[in-house]
Amino acid sequence: MFKEFKAKFGINLITGFGYIHGMLVGILANCNALTFQDAQKGTHMIQLCEKRNIPLIFLQNSGCFKDGNHSHMISHDSLLKDRAKMVAAHSSATVPKITLCINGCFEDDNFTMCGWPFSPNFFFTWPLAHISSSRKTVEKAVATENNILKELSSTESMNEFETLFENHTSAFYHASVMKSDGIVSPQDTREVLALCLKIVSNSNNSSLAKHLPVFRM
C-alpha cells in the first residue's frame, strides 16, 4: 500500500508513505529534473518523516545527462533557494536515509536527492545507472587520466572522451572506487531495502539532538 503526499503539486517528485516488509517508510522519487515546486514538496515530506521518526528512501531518476533538462533550470533563483531548503532538510534529518539511483542523477539533482556526498546510511545503484556530482570534475579526471586524447584527431578525441565520460559516471565505476554501497538488480531491490531497514532500525536515533534549520515555506 502506498499513500501519496501532495499528488497534484510538484509533478516531477513523487512523495508518500508506504510499507516494505511491514516497515513504514517515507519515499521520495523524482522522475525528471526537480523544479522549485518539487523541492518545496520534498522539504515538507522530509520534515514530516523527521518529526514522526520515519525512515526516508530516496529514489533517484533524473534521466540522461544529455537530455539537457538540468543545466537550463539551475539559473532560476527560486529553484536554487528551494533546492537549498531540501538539501538542508535531509542533511540535518536524524532518521535513517537510504538512497537508490535507478536511472541517472547528476549535479544539483544528486545533491538535492541525498546523493553519496551527503552520506546516507546506504547508497545503492541499479546496473545501468549513471551518477555525477559535477560534470567539470569528471571531465578533468578523464582528461588527466587519459593523455591518449591529445594524440587523437578532433572527432576521434570527442568520441573517445564521451566513452570515457560514460565509464566514469557508470554504476560499476562508482562501486569500484567505493562511492556506493553496491549494485542492486531491480528484482532484488525490495529485499535489499528491507534488509537495510532492519539494520538501521537497530540504531537509536531518538537520542540524537535535532538541530533543524528554519524553513520559509
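Quick note, the sequence shown lines up with residues 2 to 218 if you use my numbering.
We put the beta carbon where it would ideally sit given N, CA and C, even for glycine.
Residue j beta carbon less than 8 angstroms from that of residue i
i: LEU49; j: ALA94; result: no
i: VAL193; j: VAL185; result: yes
i: VAL88; j: THR126; result: no
i: ALA130; j: ALA176; result: no
i: ILE55; j: LEU25; result: yes
i: SER133; j: THR170; result: yes
Buried versus exposed call for residue i [16 or more other C-beta atoms within 10 Å across all chains shown]
i: MET2; result: exposed
i: ARG84; result: buried
i: GLN225; result: With the chain running from 2 to 218 in the structure shown, residue 225 is simply not present.
i: ASP109; result: buried
i: ASN111; result: buried
i: PRO128; result: exposed
i: SER79; result: exposed
i: MET179; result: exposed
i: LEU196; result: exposed
i: PHE59; result: buried
i: ASN203; result: exposed
i: LYS86; result: buried
i: ASP182; result: buried
i: VAL5; result: For clarity, residue 5 is Glu in the given sequence; the question names Val instead. Its Cβ having fewer than 16 others within 10 Å, GLU5 is exposed.
i: ASN168; result: exposed
i: ILE12; result: exposed
i: GLY23; result: exposed
Cβ-Cβ separation, residue j to residue i (assumed contact under 8 angstroms), whole Å
i: ALA90; j: THR44; result: 5 angstroms
i: SER63; j: PHE123; result: Contact doesn't hold; Cβ gap of about 20 angstroms is too wide.
i: ALA30; j: ILE15; result: 5 angstroms
i: GLN38; j: CYS102; result: Contact doesn't hold; Cβ gap of about 23 angstroms is too wide.
Three-state secondary structure (DSSP) of residue i
i: HIS22; result: coil
i: CYS50; result: helix
i: SER79; result: helix
i: SER202; result: helix
i: LEU57; result: strand
i: HIS86; result: For the record, residue 86 in the displayed sequence is Lys; it is not His. Here LYS86 sits in helix by DSSP.
i: SER254; result: Nothing about residue 254 can be reported from this structure: the residues present for the chain run from 2 to 218 only.
i: ASN31; result: strand
i: HIS73; result: Residue placement at HIS73 cannot be trusted, given a pLDDT of 46 that sits under 50; what the coordinates show is reported in the next sentence. Here HIS73 sits in helix by DSSP.
i: SER133; result: strand
i: LYS67; result: Only weak support exists for where LYS67 lies, its pLDDT of 49 falling under 50; the value from the coordinates is given anyway. Here LYS67 sits in helix by DSSP.
i: CYS102; result: strand
i: ILE15; result: strand
i: PHE173; result: helix
i: PHE10; result: coil
i: THR113; result: helix
i: THR44; result: helix
Hey, is the stretch 7-21 in contact with the stretch 98-111, meaning 3+ C-beta pairs nearer than 8 angstroms?
no
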